[in-house]
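*Asks:*
6 protein chains.
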Amino acid sequence: MSALRSDTRQKLAAASVSTLTNLMLKRGFRNAYMHGVVPLTATAANMVGPAYTLRFIPSREDIDTMAGYASEQNLHRRAIEECPSGHVLVIDAGGSTRAASAGDMMAARLKARGAAGIVTDGGYRDIADIEAVGLPAFQRQNAPPATPIALHAADLNVAIGCAGVAVYPGDIVVGGRDGVIVLPANLAVEIAEEAAGVAAYEEFVAEKIHAGRSMFGLFPATDDSRREYEAWLRAKTGR
Amino acid sequence: MSALRSDTRQKLAAASVSTLTNLMLKRGFRNAYMHGVVPLTATAANMVGPAYTLRFIPSREDIDTMAGYASEQNLHRRAIEECPSGHVLVIDAGGSTRAASAGDMMAARLKARGAAGIVTDGGYRDIADIEAVGLPAFQRQNAPPATPIALHAADLNVAIGCAGVAVYPGDIVVGGRDGVIVLPANLAVEIAEEAAGVAAYEEFVAEKIHAGRSMFGLFPATDDSRREYEAWLRAKTGR
Amino acid sequence: MSALRSDTRQKLAAASVSTLTNLMLKRGFRNAYMHGVVPLTATAANMVGPAYTLRFIPSREDIDTMAGYASEQNLHRRAIEECPSGHVLVIDAGGSTRAASAGDMMAARLKARGAAGIVTDGGYRDIADIEAVGLPAFQRQNAPPATPIALHAADLNVAIGCAGVAVYPGDIVVGGRDGVIVLPANLAVEIAEEAAGVAAYEEFVAEKIHAGRSMFGLFPATDDSRREYEAWLRAKTGR
Amino acid sequence: MSALRSDTRQKLAAASVSTLTNLMLKRGFRNAYMHGVVPLTATAANMVGPAYTLRFIPSREDIDTMAGYASEQNLHRRAIEECPSGHVLVIDAGGSTRAASAGDMMAARLKARGAAGIVTDGGYRDIADIEAVGLPAFQRQNAPPATPIALHAADLNVAIGCAGVAVYPGDIVVGGRDGVIVLPANLAVEIAEEAAGVAAYEEFVAEKIHAGRSMFGLFPATDDSRREYEAWLRAKTGR
Amino acid sequence: MSALRSDTRQKLAAASVSTLTNLMLKRGFRNAYMHGVVPLTATAANMVGPAYTLRFIPSREDIDTMAGYASEQNLHRRAIEECPSGHVLVIDAGGSTRAASAGDMMAARLKARGAAGIVTDGGYRDIADIEAVGLPAFQRQNAPPATPIALHAADLNVAIGCAGVAVYPGDIVVGGRDGVIVLPANLAVEIAEEAAGVAAYEEFVAEKIHAGRSMFGLFPATDDSRREYEAWLRAKTGR
Amino acid sequence: MSALRSDTRQKLAAASVSTLTNLMLKRGFRNAYMHGVVPLTATAANMVGPAYTLRFIPSREDIDTMAGYASEQNLHRRAIEECPSGHVLVIDAGGSTRAASAGDMMAARLKARGAAGIVTDGGYRDIADIEAVGLPAFQRQNAPPATPIALHAADLNVAIGCAGVAVYPGDIVVGGRDGVIVLPANLAVEIAEEAAGVAAYEEFVAEKIHAGRSMFGLFPATDDSRREYEAWLRAKTGR
């Protein structure tokens with residue numbers, strides 16, 4: 052499972068998910084954003100971490116009883132105990148919001164164990180309490196019914212689909228106000244570096260636009276605007 | 052029409068909708084939660100009350116004129132005047148958000164008459180004003196167009212479907228941050244009692260999880276965790 | 052392109068979108084509200100302005116490269132530079148949220164140029180930054196992926212469809228907490244006048260309902276309630 | 052309940068559903084066609100008959116058991132026994148295809164009792180056997196699961212919505228290759244008469260188009276084309 | 052992997068999918084039918100066989116190239132070569148019809164290898180050729196684009212979800228005119244036996260209904276109708 | 052507007068739409084197939100022709116009257132008279148099936164004028180009569196209501212989106228049993244050539260698979276299988 056350097060984590064936490072979609076497109080990836088998945092709460096910083104995955108399939112009445120759910124072998128519960136610190140638990144619920152992908156107790160335990168966040172293409176129960184716990188959480192729609200009503204945990208940490216995006220264990224998951232994007236593990240460092248530069252350039256552009264400049268010649272960047280930006284950056288950083 | 056004991060109302064107001072879905076599942080009910088129906092505003096306490104129902108069908112141009120709408124016989128307007136105090140007006144709009152299930156005037160009048168809240172599987176108009184009125188309100192999506200554009204009130208207080216859930220007059224409707232659940236009238240007292248116990252146990256679990264305990268052995272409860280909880284409860288309540 | 056008198060603009064800014072759907076219905080228009088389009092942020096006053104339109108079609112890999120996107124001839128970027136002050140940029144994205152209809156830079160530039168707002172039946176990227184910019188913005192769902200992934204700007208300021216509503220350049224677009232409505236340019240003045248009267252009558256009704264009066268005889272208005280209202284209005288305005 | 056004159060029935064059986072949507076629009080009705088409802092089998096002649104309605108709501112586990120289903124009071128089964136000869140059974144399934152609106156036995160019994168057809172905004176089970184029975188049947192999508200899994204019969208012969216269209220008992224229901232349309236009972240005779248004239252005119256136009264004439268001046272009809280048509284009709288009928 | 056006795060296979064091939072949903076409901080299974088999955092072609096006999104499964108996830112541009120697709124390790128192609136004779140290949144495409152779950156070559160090879168059929172909750176390419184091959188095939192909607200455009204084969208013969216139904220390897224899959232149902236392997240023999248009895252009883256009922264009898268007292272069966280049926284059966288079979 | 056060489060037309064008519072999606076993918080085009088658009092009737096040969104386009108927007112009650120519809124300036128009717136012989140009329144209905152994109156008279160006139168076919172992302176009226184006319188026609192779902200109920204013709208022969216695919220006037224549109232694909236005009240000749248080769252190779256593969264060969268080593272082609280194919284081809288064609 053991929054480790055994530057702390058400077059990479061910081062740079063991705065400071066990046067906009069939208070900027071990351073651009074940097075992915077530049078590398079030929081058109082399908083890295085999870086359409087329709089939204090944060091429970093707007094957060095100041097992004098959620099960032101390697102993916103630890105859980106795969107649900109539909110439940111079946113003879114297998115998915117509340118009794119079976121209590122077992123220590125239940126993969127849903129094991130996912131919560133085994134998701135490594137700093138990781139994001141990413142759940143393939145097959146898009147189903149008929150039952151909960153997780154609830155407040157699970158969010159609290161993940162938070163206590165140091166998880167970076169939780170993402171599902173289904174939904175959660177106890178929304179207010181998950182917000183109180185403070186674990187970054189992303190979903191499609193509230194889904195309070197008890198998990199066994201519709202979902203059965205079938206696998207831990209295999210490659211999954213989530214909201215139409217491939218997620219391989221260890222991929223770097225970034226979530227913020229705009230939603231969630233998945234970066235291939237081997238590209239995370241270089242994308243994080245490039246994102247930091249983009250953010251600085253966008254600060255420069257925002258200042259100029261605020262002052263009344265046209266977007267033409269500024270965005271996308273031209274050779275001239277690059278030079279102007281570098282001067283602005285030197286002036287600003289004093290280097 | 053069912054009355055609702057005030058202690059039952061209080062216990063349900065304190066319960067989580069998600070907890071109630073569990074207590075329903077335990078009794079064999081898998082389809083009591085209204086998928087896709089959300090509160091206009093997050094509220095501190097739940098909305099609780101017996102259901103008073105309104106059934107819409109699609110409107111027809113020769114019948115559903117604004118003139119006909121003004122009549123005192125109009126069932127939409129009668130629903131507002133006849134929904135008993137303490138009750139929740141539950142509206143079957145056939146899922147249509149093409150026209151308003153209600154607006155701010157109706158919400159204000161329901162509030163003045165003591166209604167506990169309003170629920171539709173369609174949507175409302177004058178959202179900001181409904182929020183200002185303070186009546187708990189649940190819907191799928193904003194629907195400002197005038198009611199006769201798409202909806203005709205066909206029945207008062209009959210059994211209806213709302214967002215895929217059966218609602219019989221007098222059923223107990225509970226709504227909160229997670230959405231809306233419908234409890235059969237004859238089960239409301241026992242579910243309210245059990246919910247109070249669940250809430251206390253979950254407070255105990257939350258404390259333990261916060262302190263770093265695993266969910267295994269705590270949730271779902273075991274014989275051991277039950278005993279530990281009872282000691283915790285005695286210590287806490289001094290009894 | 053229609054100008055918009057400033058008193059008309061003020062009256063529409065004070066009107067409820069729901070009231071405007073009524074006034075449109077009265078004139079035979081049943082399909083002026085954009086279903087499913089919501090504001091990024093609840094705002095105190097409505098967005099009001101004549102429509103300036105942008106039509107997207109799906110992108111094609113050989114035409115819609117990031118390089119082509121940088122061109123000054125790119126209609127997406129020209130739309131931002133050419134949308135007149137006081138106007139609302141209305142975007143036909145064919146309902147697609149696969150890629151961004153606009154982002155924070157574009158919102159900032161529109162704001163700097165005096166645009167009244169932006170509307171799409173798709174979605175935006177950099178949501179938090181668009182909110183910070185303060186330009187009223189309406190969409191269906193977040194859409195951070197870069198525009199060329201799914202959208203190609205095909206036309207400026209032609210008649211379009213947006214969220215199922217016809218929008219002709221110069222139509223008056225009003226957006227608020229309830230969503231967005233489109234008024235034919237030639238009806239804007241008379242509707243604005245009538246809306247002001249409706250708002251006053253509704254204030255009178257709200258006061259009476261708050262005091263415990265039934266809706267019957269008040270809403271819709273009767274001859275009696277009209278007379279009572281006029282007296283109330285004279286008393287209130289001292290005229 | 053409306054009777055239906057046999058010449059009216061014949062004329063409507065010969066009319067195209069599309070022609071009937073035009074004649075309804077001419078009278079101000081824009082919402083009489085059931086979108087998404089299709090015939091099981093293409094038929095030579097239309098299904099025509101007054102509506103006899105059945106209203107479903109979602110089922111509930113304690114009420115909708117297979118035992119309860121066997122009761123002679125079960126409204127689903129009573130609908131089959133009570134739908135009058137010559138009528139169309141129209142079912143409001145709330146659009147649900149989670150369980151069967153009817154199956155082959157019910158279709159066979161309706162056929163034996165002389166019903167004109169069956170329509171649902173849900174679906175049927177035993178599709179092949181329903182086709183073998185020969186009762187005209189219209190649905191959205193196959194729905195073989197047993198009815199009590201998702202549906203509870205709540206009312207017989209009340210006003211319902213079906214696929215977004217209002218259906219009042221006795222309304223005249225016409226179904227064919229294009230789908231299903233609902234005519235207000237009081238307009239059926241005049242619409243049937245007018246439809247017969249339209250069909251003859253369209254035969255005239257088809258002949259001319261086949262011979263290479265432009266649609267302009269033929270369709271919609273002009274004064275000239277009307278005169279030409281009348282000559283054509285006299286020549287053809289020898290009158 | 053479960054074997055399937057040939058008499059069980061024959062009895063299930065003769066059973067209606069709708070009858071099987073009833074026999075599943077009787078055993079507490081409410082969610083065994085694949086909603087929205089239809090046969091390419093109406094067939095005389097049902098498709099019957101144990102499930103061999105293939106799990107797709109969304110594709111990713113760097114992994115899912117046409118070159119990689121040619122590899123003998125490609126699980127999509129291995130599924131076709133490894134699905135045992137007499138089995139049904141059941142594909143979890145996550146409901147995606149953006150790319151083909153299979154095409155005519157694969158259908159031809161499955162047919163040549165003795166497979167019983169193929170099922171996907173996505174769709175196929177080369178529909179006409181699959182029909183010509185004669186392999187029973189069930190899908191949601193045509194999906195001709197090349198598989199790597201949207202799908203990546205991630206697993207062979209694990210538990211999957213398909214169209215909202217849990218499918219465990221070896222479960223017995225039955226498909227016909229009504230669609231597809233999944234029977235737990237351990238129940239297949241007893242359900243096949245019971246289905247044969249139901250079919251005979253339904254033949255008896257159909258004969259009576261055709262002769263004008265009411266459904267009451269016949270369907271569901273009563274003690275009296277059971278006795279009458281047994282006499283009918285003895286008379287018919289001469290035993 | 053592009054002409055289409057008759058040998059190119061023939062080769063595309065003989066090609067499978069699925070094969071064409073592969074040849075487009077090979078050239079970097081992932082989004083050329085119109086998802087959800089199906090033929091009214093299965094046809095022996097493909098529909099092939101350059102696109103002539105019609106753009107609809109939503110109708111508005113004051114503009115889209117039946118009277119206005121009769122005008123010779125009506126673009127809907129002009130599209131039928133102006134679509135060149137051999138071309139395919141491709142209609143952007145914004146995906147709306149609320150009203151007809153065309154009907155039998157229009158289909159008959161297009162046929163008489165030599166059009167190659169008609170495609171919409173909405174639907175048609177008079178389905179049976181369109182089939183009788185024999186013009187290849189593709190749609191999403193039947194849509195009999197009169198056009199002005201929901202659609203207004205806004206443009207002729209501009210770039211449009213249709214079912215999520217960009218269509219530029221003159222693009223080559225191919226439709227068959229699998230649905231519809233759009234080829235950029237400048238690629239049509241080379242794709243037609245390559246498709247002819249693919250079809251021959253697939254005939255070779257089908258023969259081998261039928262004889263029991265594995266797909267591995269045959270599909271996708273290898274150097275060995277290419278050589279074997281060439282021998283097979285020489286033997287077959289005697290060259």
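Chains as they are written, first to last, in my numbering: chain A, 52 to 290; chain B, 52 to 290; chain C, 52 to 290; chain D, 52 to 290; chain E, 52 to 290; chain F, 52 to 290. A virtual CB, placed ideally from N, CA and C, is assigned to each residue, including glycine.
Could you tell me the boundaries of the alpha helix (DSSP H) in which PHE255 (chain D) lies?
*Replies:* Note, PHE255 (chain D): alpha helix (DSSP H), 239-261.
*Asks:* Less than 8 Å between the beta carbons of PRO187 (chain C) and THR94 (chain C), yes or no?
*Replies:* Yes, Cβ-Cβ distance for PRO187 (chain C) and THR94 (chain C) is below 8 Å.
*Asks:* I'd like the list of long-range same chain contacts for ILE181 (chain D), defined as Cβ closer than 7 Å, with 5 residues on each side in sequence excluded.
*Replies:* Only LEU91, ASP155, ALA158, TYR175, ALA188 meet the Cβ criterion.
*Asks:* Rounded to whole angstroms, what's the CA-CA distance from VAL218 (chain D) to ALA239 (chain D)? Just pull it up for me.
*Replies:* Answer to the nearest angstrom: the Cα atoms are 14 Å apart.
*Asks:* How would you write the range of the beta strand (DSSP E) that ALA217 (chain F) sits in, first residue to last?
*Replies:* Note, ALA217 (chain F): beta strand (DSSP E), 216-218.
*Asks:* Can you give me, in chain order, the residues of the region 242-262 of chain F that have a beta carbon less than 9 Å from any beta carbon in chain E?
*Replies:* Flagged, chain order: GLU253, VAL256, ALA257, ILE260, HIS261, ALA262.
*Asks:* Would you mind working out which of C:SER265, C:HIS261, C:TYR252 sits nearest ARG278 (chain C), comparing C-alpha positions?
*Replies:* The shortest C-alpha separation from ARG278 (chain C) is found at C:TYR252.
*Asks:* Please tell me whether PRO196 (chain F) and ALA130 (chain F) are closer than 8 Å, where the distance is taken between their beta carbons.
*Replies:* Their beta carbons are not under 8 Å apart, which means PRO196 (chain F) does not touch ALA130 (chain F) by this criterion.
*Asks:* DSSP beta-bridge partners for ALA194 (chain E)?
*Replies:* ALA194 (chain E) pairs with nothing; no bridge assigned.
*Asks:* For ASP275 (chain A) and VAL99 (chain C), I'd like the C-alpha separation in whole angstroms.
*Replies:* So the alpha carbons of these two residues sit roughly 38 Å apart.
*Asks:* Classify HIS266 (chain D) as helix, strand or coil using the three-state DSSP reduction.
*Replies:* What sits at residue 266 (chain D) in the sequence shown is Met, not His. Coil, per DSSP.
*Asks:* Comparing the C-beta of PRO271 (chain B) with each C-beta of chain A, is any distance below 8 Å?
*Replies:* Taking Cβ atoms only, chain A reaches closer than 8 Å to PRO271 (chain B), which makes this a yes.
*Asks:* Could you check if GLU245 (chain F) is buried or exposed, using at least 16 other CB atoms within 10 Å of its CB as the buried criterion?
*Replies:* Counting Cβ neighbours within 10 Å, GLU245 (chain F) comes out buried, since at least 16 surround it.
*Asks:* Quick check: what's the CA-CA separation for ALA214 (chain A) versus SER147 (chain E)?
*Replies:* One C-alpha to the other measures close to 11 Å.
*Asks:* ALA217 (chain F) touches chain C at which residues, Cβ-Cβ below 9 Å?
*Replies:* Correct list: ILE108, PRO109, SER110, ARG111, ILE114, ASP115, HIS203, ALA205.
*Asks:* Out of E:ALA250, E:PRO109, E:GLN124, which has the shortest C-alpha to C-alpha gap to ASN82 (chain A)?
*Replies:* Ranking E:ALA250, E:PRO109, E:GLN124 by Cα distance to ASN82 (chain A) puts E:PRO109 first.
*Asks:* Using the Cα positions of LEU31 (chain C) and HIS86 (chain A), report the straight-line distance between them to the nearest angstrom.
*Replies:* Nothing about residue 31 (chain C) can be read from this structure; chain C reaches only from 52 to 290.
*Asks:* By how many angstroms is the C-alpha of LEU55 (chain F) removed from the C-alpha of ARG160 (chain F)?
*Replies:* One C-alpha to the other measures close to 22 Å.
*Asks:* Along chain B, which residues have their Cβ under 7 Å away from the Cβ of PRO195 (chain A)?
*Replies:* Per Cβ cutoff of 7 Å: VAL68, SER69, THR72, TYR84, ASP229, GLY230.
*Asks:* Give the range of the alpha helix (DSSP H) segment to which LEU161 (chain C) is assigned.
*Replies:* Per DSSP, LEU161 (chain C) belongs to the alpha helix (DSSP H) from 155-163.
*Asks:* Check whether the Cβ of MET266 (chain F) lies closer than 8 Å to any Cβ atom in chain E.
*Replies:* So, interface residue.
*Asks:* With a 10 Å radius around its C-beta and 16 neighbouring C-beta atoms as the bar for buried, classify ARG60 (chain C) as buried or exposed.
*Replies:* Looking at its Cβ environment, which holds 16 or more other Cβ atoms inside 10 Å, ARG60 (chain C) is buried.
*Asks:* To the nearest angstrom, how far is it from the Cα of GLU281 (chain C) to the Cα of SER69 (chain C)?
*Replies:* Each residue's Cα considered, the two are about 23 Å apart.
*Asks:* Among A:VAL139, A:ILE232, A:GLY168, A:LYS287, which residue has its Cα nearest to the Cα of PHE255 (chain A)?
*Replies:* If we check each option's Cα against that of PHE255 (chain A), A:LYS287 comes out closest.
*Asks:* Buried or exposed, going by whether 16 or more other CB atoms sit within 10 Å of the CB of MET117 (chain C)?
*Replies:* Exposed, by the Cβ-count rule.
*Asks:* Can you tell me whether LEU63 (chain F) is helix, strand or coil according to DSSP?
*Replies:* Looking at LEU63 (chain F) - three-state DSSP - the assignment turns out to be helix.
*Asks:* Could you tell me whether the Cβ of PHE80 (chain B) comes closer than 8 Å to any Cβ of chain G?
*Replies:* Any reference to chain G falls outside this structure, whose protein chains are A, B, C, D, E and F.
*Asks:* What does DSSP give as the partner residues of GLY226 (chain C) in its beta bridges?
*Replies:* GLY226 (chain C) is bridged to C:MET98, C:VAL231.
*Asks:* Can you tell me where the alpha helix (DSSP H) with ASP274 (chain D) in it begins and where it stops?
*Replies:* Where ASP274 (chain D) is concerned, the enclosing alpha helix (DSSP H) stretches over 274-288.
*Asks:* Of the residues that make up the region 119-131 of chain B, which ones have a beta carbon closer than 8 Å to any beta carbon in chain C?
*Replies:* Cβ contacts with chain C come from TYR120, ALA121, GLU123, ARG128, ILE131.
*Asks:* For SER57 (chain B), which residues of its own chain have a beta-carbon under 6 Å away from its beta-carbon, when the five flanking residues on both sides are left out?
*Replies:* There are no such residues.
*Asks:* With DSSP run on the structure shown, which of helix, strand or coil describes ALA151 (chain C)?
*Replies:* Strand at ALA151 (chain C).
*Asks:* Quick one, which of F:PHE267, F:GLY185, F:ALA257 has its alpha-carbon nearest ASP177 (chain E)'s?
*Replies:* For the residues F:PHE267, F:GLY185, F:ALA257, the minimum Cα distance to ASP177 (chain E) belongs to F:ALA257.
*Asks:* Taking only three categories from DSSP, how would you classify GLY119 (chain F)?
*Replies:* The answer is helix: DSSP assigns GLY119 (chain F) an H, G or I state.
*Asks:* I'd like to know if GLY154 (chain F) contacts chain D, where contact means its C-beta is closer than 8 Å to some C-beta of that chain.
*Replies:* Judged by the 8 Å Cβ criterion, GLY154 (chain F) is in contact with chain D.
*Asks:* With DSSP as the reference, please indicate the residues paired to ILE211 (chain B) in a beta bridge.
*Replies:* Paired residue(s): B:VAL218.
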